[in-house]
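Written below as structure tokens is the structure these notes are about.
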Amino acid sequence: MEVKRRTVKTLVTKLGSVSERTRVDALCELRLMTKLEAESRPLIAEAGAVPYLAETLYSSSHSSQDNAAATLLNLSISSRATLMSTRGLLDAISHILRHHASTSYASAVQSAAATLHSLLIVDEYRPIIGSKRDIIYSLVDIVKHVGSPTRSVKDALKALFGIALYPPNRKTVIELGGVGTLFSLVMKDLAVGVVEDATAVIAQIAGCEESEEAFRKVSGVGLLVDLLDGATSSSMRIKENSVGALLNLVRCGSEKVGREVREMGLGMGVVEGIADVAEKGSGKGKGKAVALLKVIYGGNGCVVRDERFESLLNQGSS
1 MEVKRRTVKT LVTKLGSVSE RTRVDALCEL RLMTKLEAES RPLIAEAGAV
51 PYLAETLYSS SHSSQDNAAA TLLNLSISSR ATLMSTRGLL DAISHILRHH
101 ASTSYASAVQ SAAATLHSLL IVDEYRPIIG SKRDIIYSLV DIVKHVGSPT
151 RSVKDALKAL FGIALYPPNR KTVIELGGVG TLFSLVMKDL AVGVVEDATA
201 VIAQIAGCEE SEEAFRKVSG VGLLVDLLDG ATSSSMRIKE NSVGALLNLV
251 RCGSEKVGRE VREMGLGMGV VEGIADVAEK GSGKGKGKAV ALLKVIYGGN
301 GCVVRDERFE SLLNQGSS
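In full-length UniProt numbering, the protein residues as written are 1 to 318.
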């Protein structure tokens, strides 16, 4: 281990060399090391590599951007505290994301967004990262930009999901145009995985008071209801996310949105979709689906004549 430590120290020292070739070679070697040798990651972080890597994100060289961003992503697996305590790291990541359509290399953008997602696993980092409006704006812009590679969109969505796990951040995502951008993405009929990630973020940001008006502007309730209709052939994850979003809207919104959800949800194809989640979804998904069925039937004085639905509605009843 001591030999490894000395090797790491030498490579990190080379990151500060006046020779560009020396810096590039060291950067490439550190990237490979962090990818293949998990035990080297904390050693590299402790040796002071992170400030150099953050500074390299401002480089005009796509190769240097790519290697630095990928190395930071690898380090974020085991050295999150070191990354978050490095002054200027989030600003450097923001720089890469902000220039996603111009001077930033696509792979560097993807690694930067994935690094955010990795950091956001830690609860206490969510308000810190969420306070950086420029980061959220850039992530939304990546999702919205027609030229963004699918991988960039997926990584940006995962970062937005992590940000939205902290309730106060949801308002910021809405203020920066996240709702319209996310629903536009869903309507484009892209790869199932992209729609799944987009609806996961939608479900999270639905859980705040500000979501009601934002969803109304894009006919969000109707679009979510459509995703639950069997005719759309949505995946189970998309259905679960749609159920979660509608339930959050009802819980955080006014009686008006509650009535809207109940009225639209009574369509037979929609109820079938919700029941499908209640029977075949994940543990959390099943519970949310049953709760949504109770919202739909409980608020209309409806008589449930279908034994299947009646059985689901009785789940959890005392």
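All C-beta atoms, glycine included, are put in the ideal place defined by N, C-alpha and C. It should be emphasised that the depicted structure is a prediction, and the values quoted were computed from it without experimental measurement.
Outcome for D66 when other beta-carbon atoms lying within 10 angstroms are tallied against a minimum of 16: The residue is buried, with at least 16 neighbouring Cβ atoms inside 10 Å.
CB of V194 within 8 Å of CB of K158, strictly: Between V194 and K158, the C-beta spacing is not below 8 Å.
Range of the contiguous alpha helix (DSSP H) that encloses R87: Per DSSP, R87 is not a residue of any alpha helix (DSSP H), being assigned neither H nor E.
Residue ranges of each alpha helix (DSSP H) within the stretch 85-156, 4 or longer: Counting only runs of 4 or more, we get 89-98, 106-119, 126-130, 133-144.
C-beta atoms of K14 and S40 nearer than 8 Å: No. Outside cutoff.
Backbone secondary structure at V229 - three-state DSSP: The question names Val, yet the displayed sequence has Asp at residue 229. For D229, the three-state secondary structure derived from DSSP is coil.
Validate contact between the stretch 250-261 and the stretch 227-237 using beta carbons, cut 8 Å, 3 pairs: The stretch 227-237 and the stretch 250-261 do not touch, with fewer than three beta-carbon pairs separated by less than 8 Å.
Cβ-based neighbour list, R6, same chain, cut-off 6 Å, excluding 5 preceding and 5 following: There are no such residues.
Residue nearest to A69 in terms of C-alpha spacing, selected from A47, I96, T86: Of A47, I96, T86, the smallest CA-CA separation from A69 is found for I96.
Three-way DSSP call (helix, strand, coil) for K188 in this model: DSSP places K188 in coil when its eight states are reduced to three.
Cβ pair count under 8 Å reaching 3, the stretch 173-186 against the stretch 127-142: Contact holds between the stretch 173-186 and the stretch 127-142, because three or more Cβ pairs, one in each stretch, are under 8 Å apart.
Nearest candidate by alpha-carbon position, reference residue 327, set I77, Y58, H62: Only positions 1 to 318 of the chain appear in the structure, and residue 327 is not among them; the question remains open.
For I163, the nearest candidate out of A200, V24, V218 (CA to CA): Checking every option, the nearest Cα to that of I163 belongs to A200.
7 Å Cβ shell around L30 - same chain, five flanking residues per side excluded: Same-chain partners within the cutoff: L11, I44, A49, T71.
DSSP three-state assignment for A206, whether helix, strand or coil: In the three-state reduction of the DSSP assignment, A206 falls in the coil class.
Per-residue DSSP class, three states only, for I77: Correct three-state label for I77: coil.
Unbroken alpha helix (DSSP H) run spanning M236, endpoints: From DSSP, the alpha helix (DSSP H) with M236 extends over 236-252.
Closest residue to A54 among S94, D25, M33 (Cα-Cα distance): Sorting S94, D25, M33 by C-alpha distance to the C-alpha of A54 places S94 at the top.
Nearest residue (CA-CA) to K132, options V179, D91, M1, V277: Nearest option by C-alpha distance: D91.
Whole-Å CB distance - V277 paired with A291, under 8 Å assumed: Contact flag wrong, Cβ pair sits at about 11 Å.
Assigned secondary structure, A47 (DSSP; H/G/I helix, E/B strand, else coil): Three-state DSSP puts A47 in coil, outside helix and strand.
For G130 and Y166, believed in contact at Cβ under 8 Å, the rounded distance: Right, the Cβ-Cβ distance comes to about 6 Å (below 8 Å), so this counts as a contact.
Neighbourhood of A47 by C-beta distance below 6 Å, restricted to the same chain and skipping five residues each side: Within the same chain, Cβ atoms closer than 6 Å to the Cβ of A47 are found at V8, K9, V12, the five residues on either side in sequence being excluded.
For G177, three-class secondary structure by DSSP: Here G177 sits in coil by DSSP.
With 16 other Cβ atoms within 10 Å as the buried cut-off, status of A38: That one is exposed.
Residue range of the alpha helix (DSSP H) that includes M33: From DSSP, the alpha helix (DSSP H) with M33 extends over 20-36.
Beta-carbon proximity of K239 to G273, cut-off 8 Å: Yes.
Supposed close pair V109, S64 - CB separation, criterion 8 Å: Wrong, their Cβ atoms sit about 14 Å apart, outside the cutoff.
Residue of S234, E213, M84 minimising C-alpha distance to S254: Checked all of S234, E213, M84; the closest Cα to S254 is E213.
Cβ pair V243, G178 closer than 8 Å: Contact: no.
Inter-residue spacing [alpha-carbon to alpha-carbon] between L190 and M1: Cα to Cα, L190 sits roughly 48 Å from M1.
Cβ distance (whole Å) where L249 is taken to contact I296 below 8 Å: I296 and L249 do not touch by the CB rule: their CB atoms are close to 13 Å apart, not below 8 Å.
Alpha-carbon to alpha-carbon, A198 and S234: The alpha-carbon atoms of S234 and A198 are separated by roughly 13 Å.
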